[in-house]
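Worksheet: one structure, shown below.
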Amino acid sequence: MPTEQGNAQDPSRPAATGFGRRRVLLAGGAVLAAGVGAAADELVRDDRAAGRATAGAPPTEAAIPFHGARQAGVTTPQQPATHLLSFDLPKTSAATDRKTLRSVFGALTRTLATAASDAPRDPRLRGGGATRLTSLVGVGPALAARLGLNVPASFGELPPFPGDRLDPRRSNGDLLVQLCAADRWTLTIVAELVGRAAHAAGAVPRWTQSGFLPHTAPGTTPRNLFGSKDGTANPDHAAAEEWVWGPSGDHRNGTVLVYRRIRMDVTGFAALPEGRRDQVVGRRARDGAPLSGTTEHDEPDIYAKNPDGSYVIPATAHVRLTSPRFDGGARMLRRSYSYDDGPADRGLLFCAFMRDPDRFTRVQNRLAARDALNPFLQHRASAVAYVLPGTAPAGTLGEQLWT
Ligand code: HEM
Numbered sequence: 006m007p008t009e010q011g012n013a014q015d016p017s018r019p020a021a022t023g024f025g026r027r028r029v030l031l032a033g034g035a036v037l038a039a040g041v042g043a044a045a046d047e048l049v050r051d052d053r054a055a056g057r058a059t060a061g062a063p064p065t066e067a068a069i070p071f072h073g074a075r076q077a078g079v080t081t082p083q084q085p086a087t088h089l090l091s092f093d094l095p096k097t098s099a100a101t102d103r104k105t106l107r108s109v110f111g112a113l114t115r116t117l118a119t120a121a122s123d124a125p126r127d128p129r130l131r132g133g134g135a136t137r138l139t140s141l142v143g144v145g146p147a148l149a150a151r152l153g154l155n156v157p158a159s160f161g162e163l164p165p166f167p168g169d170r171l172d173p174r175r176s177n178g179d180l181l182v183q184l185c186a187a188d189r190w191t192l193t194i195v196a197e198l199v200g201r202a203a204h205a206a207g208a209v210p211r212w213t214q215s216g217f218l219p220h221t222a223p224g225t226t227p228r229n230l231f232g233s234k235d236g237t238a239n240p241d242h243a244a245a246e247e248w249v250w251g252p253s254g255d256h257r258n259g260t261v262l263v264y265r266r267i268r269m270d271v272t273g274f275a276a277l278p279e280g281r282r283d284q285v286v287g288r289r290a291r292d293g294a295p296l297s298g299t300t301e302h303d304e305p306d307i308y309a310k311n312p313d314g315s316y317v318i319p320a321t322a323h324v325r326l327t328s329p330r331f332d333g334g335a336r337m338l339r340r341s342y343s344y345d346d347g348p349a350d351r352g353l354l355f356c357a358f359m360r361d362p363d364r365f366t367r368v369q370n371r372l373a374a375r376d377a378l379n380p381f382l383q384h385r386a387s388a389v390a391y392v393l394p395g396t397a398p399a400g401t402l403g404e405q406l407w408t
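For the sequence shown, the working numbering assigns the number 6 to the initial residue and increments by one for each residue that follows.
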């Protein structure tokens, strides 16, 4: 079974995904700008994630703390399995719905904190050691508008995109919960507990989706079902403070999750010659290097040209069209998973975190118009959620929403 460490990015590499544990310490300015609380939380999670041993005892995999200024499910190194749950809040009066929402947040906070602790209450989660669960809870734009919740001004519905074939039964929702862990067992049990607690407090289940990553050696990038390394060009800690986490004020420790369930024609893509596949992506599948470079973490040079004047990274390559250079340097943190719901329905659960969802809209409009991957993709579901700031042990998720 792969461990969380197994899929962590190399923390010593400044431009890689990382959120490298020690980098939180080293990037002193960024730490202060983010607030010492949030940085300290990440450090505690770092030490826990490293499973440090106490004198004389064997190393243990300690729990990843649930409490903190930020929810753990955004930047804790990506774990091998995920499970998403979406809920609606029945519409009655604004006052009643607000009360229901408070009680759902209370139920979710208690359930998730207990499941993530060193001593989960459910015996099925006590298989020896902590669950190493991470989670995040977010609210959807329709609920935020309906109840006048204090969410960032830029947070709202995504527009429709050309080519979308979205299934409403697998899309949207008033509340979104994402669980991540090292194994599917933990997620199945915690999803059951979360579903029961949310339902008892008044929320109605809307859809669920599970996903996974391949076994991946420590410090390397997991591959998607097309065989590409996926997650290479993610923001480092400083860039995430600028582009992923909210601006100063109430939303500093919140972010926005964009979720897309994208069906992939794995067979059709595999039928392309290897060189053509690399041209479509703009990186070599073999080592993940951009066509303009030699190693995985070389920055793609979208201006480099061949002797005949054509671009080295072709005009319709995925990596060109998603380049931050077209968006004033704006970044998103991609933390996607693969899914397999039968031979005809496999693909990517695209999960990306960003301060302003308009970044997704700009990139997706470019992709929908020209991406050479398009013949092999179908966007079949979509959701967007404002990921709430974290909470202290005495608090409840969602406290900042009430103004
Ligand atoms: C199934 C669909 C998709 C596949 C297979 C895919 C695959 C990839 C691959 C292989 C890379 C290069 C390696 C890396 O940096 O991670 C990449 C980069 C990227 N993708 Fe996608 N992607 C998909 C959908 C999307 C969507 C929907 C968006 C956003 C609208 C997106 C945004 C990005 C961004 C921002 C980068 C990094 C660009 C850079 O900074 O160089 N991708 N993707």
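Think of the CB as a built atom: it goes at the ideal place given N, C-alpha and C, for glycine as much as any other residue.
Around the Cβ of residue i, are there at least 16 other Cβ atoms within 10 angstroms (buried) or fewer (exposed)?
i: residue 300; result: exposed
i: residue 305; result: buried
i: residue 212; result: buried
i: residue 408; result: exposed
i: residue 104; result: exposed
i: residue 279; result: exposed
i: residue 241; result: buried
i: residue 234; result: buried
i: residue 146; result: buried
i: residue 74; result: buried
i: residue 333; result: exposed
i: residue 137; result: buried
i: residue 341; result: buried
i: residue 260; result: buried
i: residue 283; result: buried
i: residue 16; result: Because the pLDDT of residue 16 is 27, which lies under 50, any placement of that residue in the model is unreliable, and the number read from its coordinates should be weighed accordingly. The residue is buried, with at least 16 neighbouring Cβ atoms inside 10 Å.
i: residue 438; result: No answer is possible for residue 438: it lies beyond the span of the chain, which begins at 6 and ends at 408.
i: residue 220; result: exposed
i: residue 413; result: Lying before the first or after the last residue shown, residue 413 is absent from the chain, which here runs from 6 to 408.
i: residue 273; result: exposed
i: residue 165; result: exposed
i: residue 309; result: exposed
i: residue 281; result: exposed
i: residue 238; result: buried
i: residue 216; result: buried
From residue i to residue j, what does the alpha carbon distance come to, in whole angstroms?
i: residue 71; j: residue 339; result: 21 Å
i: residue 252; j: residue 157; result: 9 Å
i: residue 116; j: residue 354; result: 25 Å
i: residue 248; j: residue 101; result: 35 Å
i: residue 185; j: residue 86; result: 6 Å
i: residue 412; j: residue 311; result: No statement about residue 412 is possible, as the shown extent of the chain runs from 6 to 408 and does not include it.
i: residue 84; j: residue 187; result: 6 Å
i: residue 168; j: residue 152; result: 32 Å
i: residue 81; j: residue 348; result: 31 Å
i: residue 111; j: residue 397; result: 13 Å
i: residue 31; j: residue 245; result: Confidence is the limiting factor: at residue 31 the pLDDT is only 25, short of 50, which leaves the residue's position unreliable and the question unanswerable from this model.
i: residue 303; j: residue 403; result: 40 Å
i: residue 26; j: residue 159; result: Any reading at residue 26 is ruled out, since the residue's pLDDT is 30, under 50, leaving its predicted position unreliable.
i: residue 381; j: residue 352; result: 10 Å
i: residue 200; j: residue 307; result: 46 Å
i: residue 98; j: residue 236; result: 43 Å
i: residue 331; j: residue 180; result: 32 Å
i: residue 78; j: residue 183; result: 7 Å
i: residue 202; j: residue 114; result: 10 Å
i: residue 297; j: residue 127; result: 52 Å
i: residue 154; j: residue 207; result: 18 Å
i: residue 93; j: residue 401; result: 19 Å
i: residue 148; j: residue 277; result: 44 Å
i: residue 344; j: residue 324; result: 22 Å
Below 7 Å, is the gap between the Cβ of residue i and the nearest heavy atom of ligand 3?
i: residue 318; result: Ligand 3 is not among the ligands present in this structure, which contains only ligand 1.
When the cut-off is 8 Å and only beta carbons count, does residue i lie next to chain C?
i: residue 264; result: No chain C is present in this structure, which holds just one protein chain.
ask   = At a cut of 8 Å, does the segment 140-150 reach the segment 380-397 through at least three beta carbon pairs?
value = yes
request  = State whether the segment 214-232 contacts the segment 128-136, with contact taken as three or more CB pairs (one from each stretch) at a distance under 8 Å.
outcome  = no
key: Inter-stretch contact at 8 Å, needing at least 3 Cβ pairs: the segment 250-270 / the segment 283-303   = no
ask   = So, do the segment 261-281 and the segment 371-388 have three or more beta carbon pairs nearer to each other than 8 Å?
value = yes
query = If you scan the segment 289-369 from start to end, which runs of the beta strand (DSSP E) of 3 or more residues do you find wholly inside it?
reply = 342-345, 351-359
task = Would you check if there are 3 or more beta carbon pairs closer than 8 Å linking the segment 314-329 to the segment 218-228?
result = no
query = Counting pairs of beta carbons, one from the segment 189-208 and one from the segment 366-374, are three or more of them closer than 8 Å?
reply = no
message = Give the list of continuous beta strand (DSSP E) stretches no shorter than 3 residues that lie fully inside the segment 164-241.
response = 180-186, 209-217
In chain order, each beta strand (DSSP E) run of at least 3 residues that lies wholly inside the segment 102-148 = 139-144
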